[in-house]
Amino acid sequence: DDMYATLVTKGKSPDLDDFRNALNLLQSLYICLGVTCNQVGVPLFAKDNPNSSISDCVDPPDKINLVGYTPTSDAMLQSALVDLDVRTIGTLIEMEAFQTAFDVYSMGRFTRDDDNDYGYVSVKDTAIDYTNVDNMIAQDFANQFGKNFVDDTITASIMGTDDYSDMSPRARRVIAEATMVLILLHQYAIDAMLTGIDYCNKGDQDTYWWDDAVASLIGWAEGTDAGGSTSNGYLFYNIAQYLCRVSGTCNIAGDSEVNRQMMVALTEGKNDLLALKCDSAETYMKDVEVLLDTILVDLVAYYAEQLDDDPSDENNVAHGYIVATSLIPIMEKVSQEAANSIQLNMGKLGVTPMVDGKNV
154 DDMYATLVTK GKSPDLDDFR NALNLLQSLY ICLGVTCNQV GVPLFAKDNP NSSISDCVDP
214 PDKINLVGYT PTSDAMLQSA LVDLDVRTIG TLIEMEAFQT AFDVYSMGRF TRDDDNDYGY
274 VSVKDTAIDY TNVDNMIAQD FANQFGKNFV DDTITASIMG TDDYSDMSPR ARRVIAEATM
334 VLILLHQYAI DAMLTGIDYC NKGDQDTYWW DDAVASLIGW AEGTDAGGST SNGYLFYNIA
394 QYLCRVSGTC NIAGDSEVNR QMMVALTEGK NDLLALKCDS AETYMKDVEV LLDTILVDLV
454 AYYAEQLDDD PSDENNVAHG YIVATSLIPI MEKVSQEAAN SIQLNMGKLG VTPMVDGKNV
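Here the sequence shown is numbered in the numbering used here, starting from 154 and rising by one per residue.
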(Lines of atoms letter the chains of each structure in order from A and count residues from 1; the text may use other names and numbers.)
(Lines give C-alpha, C1' and ligand atoms only; values in the text may rest on other atoms or scores of the structure.)
Protein backbone atom coordinates (compact mmCIF):
# COMPACT_ATOMS: atom_id res chain seq x y z
CA ASP A 1 0.00 0.00 0.00
CA ASP A 2 2.82 2.41 0.86
CA MET A 3 4.56 1.77 -2.43
CA TYR A 4 1.31 2.14 -4.38
CA ALA A 5 0.62 5.48 -2.71
CA THR A 6 4.13 6.69 -3.48
CA LEU A 7 4.55 5.59 -7.08
CA VAL A 8 0.98 5.50 -8.36
CA THR A 9 -1.12 7.96 -6.37
CA LYS A 10 1.71 10.49 -6.58
CA GLY A 11 2.98 9.07 -9.85
CA LYS A 12 2.99 12.41 -11.61
CA SER A 13 4.88 14.27 -8.93
CA PRO A 14 7.10 11.98 -6.83
CA ASP A 15 10.17 13.60 -5.36
CA LEU A 16 13.54 12.04 -4.57
CA ASP A 17 12.47 11.15 -1.04
CA ASP A 18 9.44 9.30 -2.40
CA PHE A 19 11.62 7.35 -4.81
CA ARG A 20 14.21 6.60 -2.12
CA ASN A 21 11.54 5.37 0.33
CA ALA A 22 9.86 3.22 -2.30
CA LEU A 23 13.19 1.69 -3.32
CA ASN A 24 14.11 0.95 0.28
CA LEU A 25 10.74 -0.71 0.82
CA LEU A 26 11.13 -2.78 -2.32
CA GLN A 27 14.65 -3.84 -1.37
CA SER A 28 13.45 -4.93 2.08
CA LEU A 29 11.04 -7.31 0.31
CA TYR A 30 13.56 -8.89 -2.07
CA ILE A 31 13.77 -11.87 0.25
CA CYS A 32 10.02 -12.47 -0.20
CA LEU A 33 10.64 -12.69 -3.93
CA GLY A 34 13.49 -15.13 -3.46
CA VAL A 35 16.12 -12.77 -4.87
CA THR A 36 19.20 -11.02 -3.46
CA CYS A 37 20.57 -7.51 -3.81
CA ASN A 38 23.44 -8.82 -5.92
CA GLN A 39 21.06 -10.52 -8.33
CA VAL A 40 19.00 -7.37 -8.83
CA GLY A 41 21.91 -4.97 -8.98
CA VAL A 42 22.08 -1.20 -8.57
CA PRO A 43 19.20 0.92 -9.97
CA LEU A 44 20.18 2.89 -13.08
CA PHE A 45 18.94 6.06 -11.39
CA ALA A 46 21.50 5.61 -8.61
CA LYS A 47 24.26 4.90 -11.12
CA ASP A 48 23.42 8.00 -13.14
CA ASN A 49 23.01 10.16 -10.03
CA PRO A 50 25.86 9.30 -7.64
CA ASN A 51 24.87 12.16 -5.32
CA SER A 52 21.26 10.98 -4.96
CA SER A 53 21.89 9.52 -1.49
CA ILE A 54 20.32 6.23 -2.54
CA SER A 55 21.57 3.79 0.08
CA ASP A 56 23.20 0.53 -0.93
CA CYS A 57 21.01 -2.53 -0.89
CA VAL A 58 21.96 -4.89 1.94
CA ASP A 59 20.66 -8.45 2.27
CA PRO A 60 19.53 -9.61 5.74
CA PRO A 61 22.35 -11.12 7.82
CA ASP A 62 22.50 -14.88 8.32
CA LYS A 63 22.59 -14.29 12.09
CA ILE A 64 19.24 -12.53 12.00
CA ASN A 65 17.55 -11.74 15.29
CA LEU A 66 14.03 -13.21 15.57
CA VAL A 67 11.50 -11.77 18.07
CA GLY A 68 14.36 -10.83 20.40
CA TYR A 69 16.25 -14.13 20.16
CA THR A 70 19.88 -13.50 19.23
CA PRO A 71 21.58 -16.46 17.52
CA THR A 72 25.26 -17.30 17.68
CA SER A 73 25.39 -19.31 14.46
CA ASP A 74 24.59 -18.69 10.80
CA ALA A 75 21.56 -21.00 10.84
CA MET A 76 18.82 -18.48 11.54
CA LEU A 77 17.99 -16.74 8.27
CA GLN A 78 17.87 -19.71 5.93
CA SER A 79 16.09 -21.90 8.48
CA ALA A 80 13.53 -19.19 9.25
CA LEU A 81 12.61 -18.80 5.58
CA VAL A 82 10.73 -22.10 5.78
CA ASP A 83 7.65 -20.04 6.68
CA LEU A 84 7.72 -18.49 3.20
CA ASP A 85 7.89 -21.96 1.68
CA VAL A 86 4.88 -23.03 3.78
CA ARG A 87 2.90 -19.94 2.81
CA THR A 88 3.81 -20.25 -0.86
CA ILE A 89 2.77 -23.90 -1.01
CA GLY A 90 -0.56 -23.08 0.64
CA THR A 91 -1.22 -20.12 -1.65
CA LEU A 92 -0.49 -22.18 -4.76
CA ILE A 93 -2.88 -24.91 -3.61
CA GLU A 94 -5.69 -22.41 -3.18
CA MET A 95 -4.85 -20.96 -6.63
CA GLU A 96 -5.23 -24.54 -7.97
CA ALA A 97 -1.62 -24.52 -9.17
CA PHE A 98 -1.19 -27.97 -7.68
CA GLN A 99 1.86 -29.18 -9.59
CA THR A 100 3.70 -25.94 -8.88
CA ALA A 101 2.84 -26.27 -5.19
CA PHE A 102 4.23 -29.80 -5.20
CA ASP A 103 7.38 -28.61 -6.97
CA VAL A 104 7.96 -26.00 -4.25
CA TYR A 105 7.29 -28.63 -1.57
CA SER A 106 9.66 -31.17 -3.09
CA MET A 107 12.42 -28.90 -4.45
CA GLY A 108 12.27 -25.79 -2.25
CA ARG A 109 11.95 -22.10 -3.05
CA PHE A 110 13.33 -19.85 -0.29
CA THR A 111 15.59 -21.80 2.08
CA ARG A 112 19.03 -22.10 0.56
CA ASP A 113 21.36 -25.02 1.18
CA ASP A 114 24.35 -23.96 3.30
CA ASP A 115 26.53 -26.44 1.41
CA ASN A 116 25.40 -25.42 -2.06
CA ASP A 117 25.14 -21.79 -3.18
CA TYR A 118 22.73 -22.78 -5.96
CA GLY A 119 20.73 -25.40 -4.07
CA TYR A 120 17.68 -25.28 -1.83
CA VAL A 121 16.41 -27.21 1.17
CA SER A 122 12.82 -28.27 0.59
CA VAL A 123 10.04 -28.84 3.10
CA LYS A 124 9.87 -32.40 1.80
CA ASP A 125 13.52 -32.87 2.77
CA THR A 126 12.56 -31.82 6.28
CA ALA A 127 9.57 -34.17 6.33
CA ILE A 128 11.75 -37.24 5.88
CA ASP A 129 14.84 -36.09 7.76
CA TYR A 130 14.24 -37.03 11.41
CA THR A 131 17.52 -38.57 12.43
CA ASN A 132 17.84 -38.30 16.20
CA VAL A 133 17.08 -41.58 17.97
CA ASP A 134 15.98 -39.68 21.10
CA ASN A 135 13.19 -37.83 19.25
CA MET A 136 10.34 -39.62 20.98
CA ILE A 137 7.68 -37.29 19.58
CA ALA A 138 8.62 -38.27 16.03
CA GLN A 139 8.83 -41.94 16.99
CA ASP A 140 5.47 -41.94 18.80
CA PHE A 141 3.87 -40.21 15.84
CA ALA A 142 5.36 -42.71 13.38
CA ASN A 143 4.18 -45.61 15.55
CA GLN A 144 0.67 -44.15 15.65
CA PHE A 145 0.17 -43.14 12.05
CA GLY A 146 3.07 -44.62 10.08
CA LYS A 147 6.56 -43.36 9.26
CA ASN A 148 5.52 -41.64 6.03
CA PHE A 149 2.28 -40.07 7.30
CA VAL A 150 3.54 -36.48 7.23
CA ASP A 151 4.97 -36.64 3.71
CA ASP A 152 1.99 -38.64 2.43
CA THR A 153 -0.51 -36.22 3.96
CA ILE A 154 1.17 -33.12 2.55
CA THR A 155 1.56 -34.70 -0.89
CA ALA A 156 -2.04 -35.95 -1.01
CA SER A 157 -3.47 -32.62 0.17
CA ILE A 158 -1.47 -30.76 -2.46
CA MET A 159 -2.48 -33.08 -5.30
CA GLY A 160 -6.03 -33.79 -4.12
CA THR A 161 -5.72 -37.54 -3.78
CA ASP A 162 -6.69 -40.17 -1.16
CA ASP A 163 -8.73 -38.70 1.71
CA TYR A 164 -8.57 -35.21 0.21
CA SER A 165 -9.92 -35.89 -3.29
CA ASP A 166 -13.34 -34.35 -2.50
CA MET A 167 -12.02 -31.36 -0.55
CA SER A 168 -11.99 -27.83 -1.90
CA PRO A 169 -8.59 -26.25 -2.68
CA ARG A 170 -9.06 -23.96 0.33
CA ALA A 171 -9.55 -26.90 2.72
CA ARG A 172 -6.65 -28.77 1.16
CA ARG A 173 -4.51 -25.70 1.78
CA VAL A 174 -5.50 -25.87 5.45
CA ILE A 175 -4.51 -29.55 5.63
CA ALA A 176 -1.13 -28.98 3.97
CA GLU A 177 -0.16 -25.86 5.93
CA ALA A 178 -1.34 -27.20 9.29
CA THR A 179 0.51 -30.50 8.75
CA MET A 180 3.72 -28.65 7.93
CA VAL A 181 3.49 -26.29 10.91
CA LEU A 182 1.94 -28.41 13.67
CA ILE A 183 3.49 -31.78 12.93
CA LEU A 184 6.47 -31.53 10.60
CA LEU A 185 8.19 -28.43 12.00
CA HIS A 186 7.26 -29.35 15.57
CA GLN A 187 9.02 -32.69 15.27
CA TYR A 188 11.89 -31.15 13.32
CA ALA A 189 12.51 -28.50 16.00
CA ILE A 190 12.71 -31.15 18.73
CA ASP A 191 15.04 -33.19 16.52
CA ALA A 192 17.31 -30.20 15.95
CA MET A 193 17.51 -29.31 19.66
CA LEU A 194 18.37 -32.91 20.53
CA THR A 195 21.10 -32.88 17.90
CA GLY A 196 22.51 -29.68 19.38
CA ILE A 197 22.59 -31.33 22.80
CA ASP A 198 24.37 -34.35 21.32
CA TYR A 199 27.11 -32.06 19.97
CA CYS A 200 27.32 -30.38 23.36
CA ASN A 201 27.91 -33.75 25.02
CA LYS A 202 30.85 -34.19 22.65
CA GLY A 203 32.36 -30.90 23.82
CA ASP A 204 31.14 -28.83 20.85
CA GLN A 205 29.79 -25.34 21.66
CA ASP A 206 28.24 -24.82 18.22
CA THR A 207 24.61 -23.69 18.53
CA TYR A 208 23.76 -24.21 14.85
CA TRP A 209 21.14 -26.90 15.49
CA TRP A 210 19.57 -25.08 18.42
CA ASP A 211 19.28 -21.88 16.37
CA ASP A 212 17.85 -23.97 13.54
CA ALA A 213 15.13 -25.24 15.90
CA VAL A 214 14.27 -21.72 17.06
CA ALA A 215 13.95 -20.50 13.48
CA SER A 216 11.70 -23.45 12.60
CA LEU A 217 9.27 -22.50 15.37
CA ILE A 218 9.22 -18.74 14.72
CA GLY A 219 9.81 -18.06 11.01
CA TRP A 220 11.21 -15.06 9.20
CA ALA A 221 7.93 -13.16 8.85
CA GLU A 222 7.64 -12.57 12.60
CA GLY A 223 10.45 -10.04 12.35
CA THR A 224 13.03 -8.97 14.88
CA ASP A 225 10.97 -7.16 17.51
CA ALA A 226 10.19 -8.91 20.78
CA GLY A 227 6.61 -10.15 20.66
CA GLY A 228 6.74 -10.71 16.92
CA SER A 229 4.56 -9.23 14.21
CA THR A 230 0.95 -8.16 14.69
CA SER A 231 0.06 -8.92 11.07
CA ASN A 232 2.51 -11.55 9.81
CA GLY A 233 3.84 -14.89 10.98
CA TYR A 234 2.75 -18.41 10.08
CA LEU A 235 4.45 -20.87 12.44
CA PHE A 236 4.04 -22.10 16.04
CA TYR A 237 4.95 -18.77 17.59
CA ASN A 238 2.17 -17.03 15.67
CA ILE A 239 -0.40 -19.63 16.74
CA ALA A 240 0.21 -18.87 20.40
CA GLN A 241 -0.04 -15.14 19.71
CA TYR A 242 -3.35 -15.65 17.90
CA LEU A 243 -4.80 -17.81 20.65
CA CYS A 244 -3.99 -15.31 23.37
CA ARG A 245 -5.62 -12.52 21.36
CA VAL A 246 -8.89 -14.38 20.67
CA SER A 247 -9.12 -15.65 24.26
CA GLY A 248 -8.13 -12.35 25.89
CA THR A 249 -5.26 -13.97 27.80
CA CYS A 250 -2.29 -11.98 26.47
CA ASN A 251 0.06 -10.55 29.08
CA ILE A 252 0.42 -6.86 29.84
CA ALA A 253 2.74 -6.45 26.82
CA GLY A 254 0.09 -7.95 24.55
CA ASP A 255 2.02 -11.18 24.07
CA SER A 256 1.30 -14.83 24.68
CA GLU A 257 2.60 -15.87 28.09
CA VAL A 258 3.39 -19.29 26.61
CA ASN A 259 5.56 -17.63 23.99
CA ARG A 260 7.28 -15.49 26.61
CA GLN A 261 8.20 -18.56 28.61
CA MET A 262 9.25 -20.43 25.47
CA MET A 263 11.59 -17.65 24.37
CA VAL A 264 13.18 -17.60 27.83
CA ALA A 265 13.74 -21.36 27.66
CA LEU A 266 15.15 -21.18 24.13
CA THR A 267 17.52 -18.36 25.06
CA GLU A 268 18.71 -20.03 28.26
CA GLY A 269 19.13 -23.34 26.46
CA LYS A 270 21.35 -21.69 23.88
CA ASN A 271 23.42 -20.05 26.59
CA ASP A 272 23.85 -23.41 28.32
CA LEU A 273 25.12 -25.00 25.10
CA LEU A 274 27.70 -22.24 24.81
CA ALA A 275 28.78 -22.98 28.39
CA LEU A 276 28.70 -26.76 27.72
CA LYS A 277 26.00 -27.17 30.38
CA CYS A 278 24.42 -29.92 28.34
CA ASP A 279 22.11 -31.38 31.00
CA SER A 280 20.70 -27.95 31.75
CA ALA A 281 20.14 -27.31 28.03
CA GLU A 282 18.21 -30.58 27.84
CA THR A 283 16.01 -29.44 30.73
CA TYR A 284 15.17 -26.27 28.80
CA MET A 285 14.42 -28.35 25.71
CA LYS A 286 11.92 -30.37 27.75
CA ASP A 287 10.38 -27.10 28.95
CA VAL A 288 9.95 -26.08 25.30
CA GLU A 289 8.32 -29.44 24.54
CA VAL A 290 5.75 -28.87 27.30
CA LEU A 291 5.01 -25.37 26.05
CA LEU A 292 4.52 -26.59 22.47
CA ASP A 293 2.17 -29.26 23.78
CA THR A 294 0.30 -26.55 25.67
CA ILE A 295 -0.21 -24.62 22.44
CA LEU A 296 -1.59 -27.76 20.78
CA VAL A 297 -4.00 -28.41 23.67
CA ASP A 298 -5.25 -24.81 23.50
CA LEU A 299 -5.62 -25.11 19.74
CA VAL A 300 -7.67 -28.31 20.06
CA ALA A 301 -9.96 -26.54 22.53
CA TYR A 302 -10.31 -23.58 20.16
CA TYR A 303 -11.31 -25.70 17.16
CA ALA A 304 -13.56 -27.91 19.28
CA GLU A 305 -15.56 -24.78 20.04
CA GLN A 306 -15.53 -23.67 16.40
CA LEU A 307 -16.73 -27.09 15.21
CA ASP A 308 -19.36 -27.34 17.92
CA ASP A 309 -20.78 -24.03 16.70
CA ASP A 310 -20.67 -25.08 13.02
CA PRO A 311 -19.72 -28.69 12.28
CA SER A 312 -20.30 -28.16 8.55
CA ASP A 313 -17.54 -25.56 8.04
CA GLU A 314 -15.06 -27.38 5.79
CA ASN A 315 -12.08 -25.26 6.75
CA ASN A 316 -12.67 -25.75 10.47
CA VAL A 317 -13.13 -29.49 9.90
CA ALA A 318 -9.76 -29.58 8.12
CA HIS A 319 -8.09 -27.54 10.84
CA GLY A 320 -9.65 -29.63 13.59
CA TYR A 321 -8.56 -32.88 11.98
CA ILE A 322 -4.86 -31.94 11.72
CA VAL A 323 -4.81 -30.23 15.12
CA ALA A 324 -6.30 -33.35 16.70
CA THR A 325 -3.94 -35.61 14.78
CA SER A 326 -0.93 -33.59 15.96
CA LEU A 327 -1.92 -34.02 19.60
CA ILE A 328 -3.20 -37.62 19.79
CA PRO A 329 0.19 -39.42 20.11
CA ILE A 330 1.26 -36.92 22.78
CA MET A 331 -2.03 -37.17 24.67
CA GLU A 332 -1.95 -40.98 24.69
CA LYS A 333 1.00 -40.85 27.08
CA VAL A 334 -1.06 -38.74 29.48
CA SER A 335 -4.58 -40.13 29.10
CA GLN A 336 -5.77 -42.78 26.68
CA GLU A 337 -9.35 -41.75 27.39
CA ALA A 338 -8.64 -38.15 26.40
CA ALA A 339 -6.80 -39.26 23.27
CA ASN A 340 -9.74 -41.48 22.28
CA SER A 341 -12.16 -38.60 22.81
CA ILE A 342 -10.10 -36.27 20.61
CA GLN A 343 -9.89 -38.98 17.94
CA LEU A 344 -13.66 -39.58 18.03
CA ASN A 345 -14.71 -35.93 17.97
CA MET A 346 -12.10 -34.31 15.73
CA GLY A 347 -9.60 -36.86 14.45
CA LYS A 348 -11.61 -38.40 11.62
CA LEU A 349 -12.58 -37.10 8.21
CA GLY A 350 -15.88 -37.90 6.53
CA VAL A 351 -17.88 -38.11 9.76
CA THR A 352 -19.75 -35.50 11.79
CA PRO A 353 -17.29 -33.88 14.24
CA MET A 354 -17.92 -33.10 17.89
CA VAL A 355 -20.49 -35.85 18.42
CA ASP A 356 -19.94 -35.54 22.19
CA GLY A 357 -20.08 -31.73 22.26
CA LYS A 358 -17.36 -29.25 23.19
CA ASN A 359 -17.63 -29.80 26.94
CA VAL A 360 -16.71 -33.49 26.86
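Each residue gets a CB set at the ideal place from its N, CA and C atoms; glycine is no exception.
Contact check for Trp-373 against Leu-234 passes: the beta carbons are separated by less than 7 Å. Between Ile-217 and Leu-237, the CB-CB gap reaches or exceeds 7 Å. Listed as beta-bridge partners of Arg-323 by DSSP are no residues whatsoever. Assigned with DSSP and collapsed to three states, Leu-370 falls in helix.
Within a 10 Å sphere around the beta-carbon of Lys-423 sit 16 or more other beta-carbons, which makes this residue buried. Within the region 220 to 286, the runs of alpha helix (DSSP H) that reach at least 4 residues and sit entirely inside it are, in chain order, 229 to 233, 235 to 247, 251 to 260, 276 to 280. Assigned with DSSP and collapsed to three states, Ala-379 falls in coil, not helix or strand.
Around the beta carbon of Pro-482, a 10 Å sphere encloses 16 or more other beta carbons of the protein chains shown; the residue is thus reported as buried. For Leu-396, the secondary structure class from DSSP, reduced to helix, strand or coil, is helix. Counting only residues of its own chain and dropping the five nearest sequence neighbours on each side, Ile-246 has a CB closer than 7 Å to the CB of Ala-254, Ile-311, Pro-322, Arg-325, Arg-326, Ala-329. The beta carbon of Tyr-222 is closer than 7 Å to those of Val-367, Met-416, Leu-419, Thr-420 in its chain, skipping five residues each way along the sequence. Separation of Ile-343 and Ala-228 (C-alpha to C-alpha, rounded to the nearest whole angstrom) is 16 Å. In this structure, the CA atom of Pro-464 is about 11 Å from the CA atom of Ala-471.
Shortest Cα-Cα distance from Tyr-317 to any of Leu-337, Lys-501, Met-507 involves Lys-501.
Straight through space, the alpha carbons of Asn-288 and Thr-264 are spaced by roughly 24 Å. In the three-state reduction of the DSSP assignment, Ile-290 falls in the helix class, which pools H, G and I. Taking each of Gly-261, Val-303, Ala-295 in turn and checking the Cα distance to Ala-280, the smallest one comes out for Val-303.
Taking all protein chains in view, the Cβ of Asn-391 is crowded by 16 or more other Cβ atoms within 10 Å, so the residue is classified as buried. Judged by their CB atoms, Tyr-352 and Ser-369 are not nearer to each other than the 7 Å cut-off.
Within 10 angstroms of the beta-carbon of Ser-181 lie fewer than 16 other beta-carbons, which makes it exposed.
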